Amino acid sequence: MEWIVSKNKKELKIQLKKPDVLFESWKIQYIYSIHNQSIHRIQSLPVTALGKKKTTCIINDDNLRITVVISDEVDHLAIKYTIDNLSDEDLSLDKIITSIGRFSIPKTEKYYVFKNGFQSWSLTRSYSFDEKEMVSWLTCMNILQDTIRNLPSGKNGSFNSTMFIAIGSENSSYCVIGQGRPFNQYVYINTLTTGNTIQLDIVHDFCKVIVSPALKLRADLIYFITNKNINEAFDRYFELIRSQIPIRRKIPKGWCSWYYYYTKINEKSIYHNLDVLRSKGKRFDVFQIDDGYQTEIGDWLSINNKFPGGLAPIARKIRTMGMVPGIWLAPFIASRKSMLYQQHPDWFLHDSDGKPVIAGWNPNWDIFGYFYALDTTHPEFQDYIKEVINTFVHEWGFGYLKLDFVYAASLCGRAYDMSLTSAQRLKLGYSLIRDVAGERVFILGCGAPLSASIGHVDGMRIGPDVAPYWMAKYRYYLTRDPHALCTKFAIRSILNRSQMHRYLWLNDPDCIMLRQTETKLSKEERMTLINAVIITGGMYFISDNLALLHNDDWKLIDTIDELIRICSLEKSYPVDIMENDIPEIIYNSAGYIAFFNFSDSSRKKIVQLKGLLKKILTSASKLSDVWGNREIYVYSDHLDLGELKPHESVLCRIK
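Quick note, the sequence shown lines up with residues 0 to 654 if you use numbering that gives the first Met the number 0.
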């Protein structure tokens, strides 16, 4: 891969020889304040030093200098940023925006852009350039599931992504632009298309971090990767940013209380499910108690009267059955009814008016009130959360921690220590918990910003909550909530983010639900969720009242176990990730492939053999339906799966 950097020192221009990719009209915007004065500057990015493999650009004013170094690596372009405070005073740095006025790739009939959401629950999908993103009109929804620092504009051809973005076409080439180490800021990559022109803004969000005099600050790397195959481009990007801690090899299989009991869980229901498990002669790796045991959100060591015996005896029983006890907690939020909120208001992030920062609203907790974001830099809160983790892990015996709503630690606001960015505050929170819990405890991130979580969690929820229903139509259409939790949108993220698995963490696709009663999911919808979990090879939790399962459900569990064991150690590829908002073809290199019909009507499924499919399937290939339901015919240029019912899928073994 060879990049050509323009020698015109008035304006930076970068071009890739083959394929023909061009970036020109570069500018740097920087926003900061000093002496209570807000400053917003925009300057062209000139070439001040030109080397064979590195190009240096410098811009500055009286207070701030930004040095940009562009490196031509073997198979990608890397951009490094250094920020110097030239003044004698502290300055508050808000954002640095690298604007590329014109980005072009070889012209084809249709371009696509892949958007990655900010955190676990945020919408992640591809769009064609003539579409537009939807944004909720409810602020609490946006805080809860997105970042209000980078909300979509809602205009045609305008797309906002976090951490990375992909742009291109299957008949041309793709470019992945993404954030690199050390993940100390949040990076947004936004596009605006007007006619044939693509504009890019790469935003480093420092969230008003204090930069001391003479301090040299490094912004996160930015990578540019091009490839004719989008899956290869994503693989290379995830290789570049992969976790520096070893990824656990074993995929945990578990049970979770949430999707049957929700907050109505009690001591009796936990023991009841343990008894059912024992009677069946079965066990899981993890048996997890979810939300509903605490008196209030934030008061984690205050157990409510639904658990009169406390949590320690339950954890002991789980261990005697050969399983790891798991517990849910949301360590960086507290409700207004909690003792923590009432007694320690100084432990929270505060807005410019001195009020606690709102982290969201959840009707399961308080239909009339919000919950608030805690400040991980506050020494007294640090002591408190260490006590909570020590009690759960070392006194009560829990070895699996599901940390939920952790985005709250990264909300912008006035913190005790403003020398840390919002991303660093979350990383600090993770470190406080890991230091006390120890390396053997499995930590799952949920409701978690992705980039700042790399290297800090063992598993990561990669989508919104599943649900015992397919689509949340009222929430989607009435509130215009693009992330609306439902099984359909959970599967969308499971498939679109499948390539992160084992590069960054173990993917957690959320739970499957096997029960055939007390659910609005059809058999086809239940099996489509199961097939999505299997083919992507991630973590595997069941969330049912186990007494509702039939004998054939227990047999199904054994088959799922074996299939996930096989698929989990190989790579999965969403073949049509750029062409469909929910990929309909997923290939796993263990020798499995899945096909989905996400339409609300029956469809005759004919799949053309092109791109990656041409490499893995030929007319001599045979596809065997794993669940034994249908014949599949492979021809020289296509395959015929017959008719698929609404929301039905087919999981095949390649022979």
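Don't be surprised by glycine CBs; every beta carbon is placed ideally from N, CA and C.
Being a predicted model, the structure only gives us computed values, none of them experimental.
| query | Is LYS621 buried or exposed, if buried means 16 or more other CB atoms sit within 10 Å of its CB? | reply | exposed
| said: If you reduce the DSSP assignment to three classes, tell me which class ILE104 lands in. | reply: Coil.
| query | In chain order, what residues of the same chain lie with their CB nearer than 7 angstroms to the CB of VAL175, ignoring the 5 residues before and after it? | reply | PHE163, ALA165, ILE224, ALA232, PHE233 and TYR236
| Pick from TYR29, ILE565, ILE38 and SER43 that is closest to LYS12, judged by C-alpha positions | It is SER43 whose Cα lies nearest to the Cα of LYS12.
| field | Stretch pair the region 503-523 + the region 249-258: three plus CB contacts closer than 8 angstroms | value | yes
| said: Give the list of continuous alpha helix (DSSP H) stretches no shorter than 4 residues that lie fully inside the region 309-380. | reply: Fully enclosed alpha helix (DSSP H) runs of no fewer than 4 residues occupy 311-319 and 338-342 of the region 309-380, in order along the chain.
| query | Using the C-alpha atoms, what's the distance from LEU643 back to ILE592? | reply | 16 angstroms
| said: Using 8 angstroms as the cut-off, can you tell me whether the region 337-354 makes contact with the region 302-320, which would need three or more C-beta pairs spanning the two stretches below that distance? | reply: no
| message | Tell me the DSSP secondary structure of ASN389 in three-state form. | response | helix
| TRP136 classed as buried or exposed, judged by whether at least 16 other C-beta atoms fall within 10 angstroms | The residue is exposed, with fewer than 16 neighbouring Cβ atoms inside 10 Å.
| Which whole-angstrom value is the C-beta distance of ASN84 and VAL210, which I expect to be below 8 angstroms? | 5 angstroms
| message | According to DSSP, simplified to helix, strand and coil, what is PHE503? | response | The residue asked about is misnamed: residue 503 is Leu in this sequence, not Phe. DSSP places LEU503 in coil when its eight states are reduced to three.
| Boundaries of the alpha helix (DSSP H) in which LEU430 is found, first to last residue | Checking the sequence, you will find Ser at residue 430 rather than Leu. First-last of the alpha helix (DSSP H) with SER430: 421-436.
| request: Please report how far the alpha carbon of MET140 lies from the alpha carbon of LEU191, in whole angstroms. | output: For MET140 and LEU191, the distance between alpha carbons rounds to 24 angstroms.
| MET459 (DSSP reduced to helix, strand or coil) | strand
| task | Would you please state the rounded distance, in angstroms, between the beta carbons of LYS114 and TYR126? I believe it to be under 8 angstroms. | result | 7 angstroms
| Host beta strand (DSSP E) of SER37 (start-end) | It spans 36-43 - the beta strand (DSSP E) in which SER37 sits, taken as one unbroken run.
| Are ILE99 and GLN198 touching if we call contact CB-CB under 8 angstroms? | Going by C-beta atoms, ILE99 is nearer than 8 angstroms to GLN198.
| task | Leaving aside the five residues before and after ASN272 along the sequence, list all residues of the same chain whose C-beta is less than 6 angstroms from its C-beta, in chain order. | result | Taken in chain order, the residues that qualify are LEU545.
| field | Proximal residues to LEU611 (C-beta, below 6 angstroms), its chain only, five neighbours per side dropped | value | VAL574
| task | Rank LYS267, TYR173, VAL285 and SER601 by C-alpha distance to the C-alpha of ASN304 and give the top, closest one. | result | LYS267
| Can you give the Cα-Cα distance for GLU88 and LEU216, rounded to whole angstroms? | 15 angstroms
| request: Please say whether HIS455 and ILE473 have beta carbons closer to each other than 8 angstroms? | output: It should be noted that the sequence gives Tyr, not Ile, for residue 473. A distance of 8 angstroms or more separates the beta carbons of TYR473 and HIS455.
| message | According to DSSP, is SER497 part of a helix, a strand, or is it coil? | response | helix
| said: Could you tell me the alpha carbon to alpha carbon distance between ARG124 and THR161, rounded to whole angstroms? | reply: Distance from the CA of ARG124 to the CA of THR161, rounded to the nearest whole angstrom, comes to 12 angstroms.
| query | Going along the chain, which residues of its own chain have a beta-carbon closer than 6 angstroms to the beta-carbon of GLN740, five neighbours each way excluded? | reply | Here the chain comprises residues numbered 0 to 654, so residue 740 is not present and cannot be evaluated.
| query | Which word fits VAL112, buried or exposed, when buried means at least 16 other C-beta atoms lie within 10 angstroms of its C-beta? | reply | Around the beta carbon of VAL112, a 10 Å sphere encloses 16 or more other beta carbons of the protein chains shown; the residue is thus reported as buried.
| request: List the endpoints of the continuous beta strand (DSSP E) containing GLN607. | output: That run of the beta strand (DSSP E) goes 602-607.
| request: With a threshold of 16 other CB atoms inside 10 Å of the CB of LEU49, please say whether the residue is buried or exposed. | output: exposed
| message | Please state the DSSP three-state secondary structure of CYS56. | response | strand
| request: Please go through the same chain and pick out, in chain order, the residues whose beta-carbon is closer than 7 angstroms to the beta-carbon of CYS56, but skip the five residues on each side of it. | output: LEU11, LEU44, PRO45, VAL46, THR47 and VAL67
| request: Check LYS305 in the structure and name its three-state DSSP category. | output: coil
| message | Let me check understanding here. Comparing Cα to Cα, which of ASN596, ILE30 and CYS651 lies closest to TYR586? | response | Distances from the CA of TYR586 to each of ASN596, ILE30 and CYS651 were compared; the closest alpha carbon is that of CYS651.
| Distance, Cα to Cα, LEU33 vs MET417? | Per the sequence shown, the amino acid found at residue 33 is Ile instead of Leu. Rounded to whole angstroms, ILE33 to MET417 spans 14 angstroms at the Cα level.
| message | Comparing C-alpha positions only, which one of ARG277, GLY398 and LEU214 sits nearest to SER86? | response | LEU214
| request: Please report the Cβ distance between LYS252 and TRP553, rounded to the nearest whole angstrom; I am assuming they are in contact, meaning their Cβ atoms lie under 8 angstroms. | output: Not a contact, Cβ separation roughly 14 angstroms.
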